[in-house]
Structure formats: C-alpha cells, structure tokens
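There are 2 protein chains.
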Amino acid sequence: MPESTRELTHPEPADFVLTDVLFALSDPSRLAIVRQLADGPVETVGCQTLGGEIPKSTRSHYLKTLREAGIIRNIAHGRERLVSLRTDELEARFPGLLASVLAATGSDPSPADPTPLSAIG
Amino acid sequence: MPESTRELTHPEPADFVLTDVLFALSDPSRLAIVRQLADGPVETVGCQTLGGEIPKSTRSHYLKTLREAGIIRNIAHGRERLVSLRTDELEARFPGLLASVLAATGSDPSPADPTPLSAIG
DNA sequence: CCAATAGTTCCACTTTTCTCGAACGGATCG
DNA sequence: CGATCCGTTCGAGAAAAGTGGAACTATTGG
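Top to bottom, those sequences are chains V and A.
With this note's numbering, letter number 82 in the first sequence gets 159, and the count goes up by one each step, no holes.
With this note's numbering, letter number 117 in the second sequence gets 194, and the count goes up by one each step, no holes.
Structural data, given as structure tokens:
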C-alpha cells in the first residue's frame, strides 16, 4: 500500500515567498520546532514529539504555517506523520537564509534562557 | 550645536532578538524600505523618501518596527531625520542574515516588481 | 516670535494572528 | 467492523498588528 493517502499541499521552491518564510520563522514557538528538526538526531520525526507539551491543534497550526511557507515537509506515514526540514530546497531558493537563522545564538527569548551576565557587557 | 536633541531609543546589538528581526523583515512594506536603504545610492536618507507615497504616520510605524528590532538607525538631524541600515551591527549579531535576505530575488510580491524572466530560471 | 516643516505619538478602527476545545477522517489492530 | 490512535480542520474568543487622521513637539526661517 502506498505510504500516502492523506496528502497535504506543499509549495514548490519557485513559489516560496521570502516574507512568508521570514514570518513563519519569526515566532519563537515555530522557530523552536525548526531548531528541533535541525538539531535533532534524526531529520524526520513524528509530529507529537515537536514543540513540547502543547495542544495538538496548536502544534498542527505551527506546522501548517511552516509547511505553507516551504520550510518543512509533512507527509503521511501510516497512521502518523513524518515532518522534515526542506533544507536543500530552502537553500536553493534563499541561499544562506536558513543557515544564518539556525546559526544565530542567544536570540530566542525562551523561558529556559539564563542570560548570563558575561554575554551582556 | 549637537545634531541630536530629539533622540529615539535604539537597542544594542547584544539585545537584538532574532525573532523580532525576522518579524520586522516579514512585512513586504517594511522589507521594501530595507531594500531601498540597501540598494540606494546613499545609505542615509531622509524619512520622507522611503516607502513611496504613504501617510507619514504609517511610514513612521514601519520605521519604528525596524528601529526597535535593530535593523535601522533613525537619528535627528536638523528638522528632518536620517535613516540608515545598521548593516555592520546586524552582521556582527546575526552573521549572514541580512545579506541572505537582501540577496533573495523574486520573492517579494510588490506591485512595482517586474520579475524579469531571466531571474526565474 | 510666529509660521512652516518634519516626523513622532495618540487614538480609534479594522484586520490578522494566536490559541485551543471540539468535531472530523484516515489508518491500524483486535 | 468497532475501538483507538494520530493529526488535521472547524469554530470562536482573545490578543496583537496594521492603518491613517489628528494632535503634538522640535527645528528652522523670516
């Protein structure tokens, strides 16, 4: 049986819109998901492992925004879904963009950020 | 006489927040201003030349969002104001980010963009 | 000092986005 | 084929952002 019956729409790289990509990445919760996908040991994970403990509808909306911008791919696989970064396509469309975003440090005001004094002065 | 009496607040590079920068750049109108500053013959221009013919309060709001994110500098100079990109500080804080955004082509759906075919394939 | 100018801030309104419970639909297993 | 599980879509209320007219402040010029 084919691994996809319930397919979601994904834009082609040529249709990626820069402002949409920037907007999708401009939310700390969504950016955290992108970082999790980039930093994680595997590049493709089930949805429920992303974004911590949040309502599944909320997570689904995060993923929708990221998907419609072209940042992630979300494919049906059995009764769950596999999410992965569209790293190569994003790089081809907007060279260096995702890399520079992922390389940025100490910029996401997450609650677990101690903000050491040594990083201020 | 000092060239600044009415000063606006500008964040220091260490206080730049990535998501705020991305958000400020995620609006086509604001991004157009940034492009105008980057592409223009001079890097410092008066406010009224930016963003085309829009109400001055609207333009001021655009500039405020960009300024508070650390993307532009807005300093009083006589009875007008001079706006410039904080290119170097932005580069130091988020290496490659602004460059990749400015390098992106055919992505901003502005009405005045001819989108030449030579830039697509 | 009064008029004109440049641009920010105030305020109100509209639109968008955020958030999450609930309903819905496909996939798997007994 | 009913129960369950995973995740999307729907719907609604709340919060945030966009927009622009009007008032306000600072600066320059006569």
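Even glycine gets a Cβ: it sits at the ideal position worked out from N, Cα and C.
message: I want to verify the contact list: residues of chain A whose CB lies under 7 angstroms from the CB of V/ASP104, in sequence order.
response: THR96
field: V/GLU168 (DSSP reduced to helix, strand or coil)
entry: helix
- prompt: So which of A/ALA109, A/ASP116, A/GLU145, A/GLU168 has the shortest CA-CA distance to A/GLY129?
  reply: A/ALA109
query: Taking Cβ-Cβ distances below 9 angstroms as the criterion, which residues of the segment 146-176 of chain A are in contact with chain V?
result: ARG170, PHE171, PRO172, GLY173, LEU174, LEU175, ALA176
query: List, in order along the chain, the chain A residues whose C-beta lies closer than 7 angstroms to that of V/VAL111?
result: Below the 7 angstroms Cβ cutoff, chain A contributes no neighbours of V/VAL111, its closest Cβ being approximately 11 angstroms away.
query: Among residues of its own chain, excluding the 5 on either side of A/SER195, which ones have a beta-carbon nearer than 7 angstroms to its beta-carbon?
result: With a pLDDT of only 43 at A/SER195, under 50, the local geometry of the prediction cannot be trusted, and no value is derived from it.
field: Own chain partners of V/GLU84 with C-beta closer than 8 angstroms, once the 5 adjacent residues on each side are dropped
entry: ILE152, ALA153
field: Straight-line Cα distance separating A/PRO90 from A/ALA169
entry: 8 angstroms
Counted within 10 angstroms of its Cβ, other Cβ atoms place A/ASP165 as buried (16 or more) or exposed: Exposed, since its Cβ has fewer than 16 Cβ neighbours within 10 Å.
query: Is there a Cβ from chain A that is less than 9 angstroms from the Cβ of V/LEU114?
result: So no, V/LEU114 is outside the interface.
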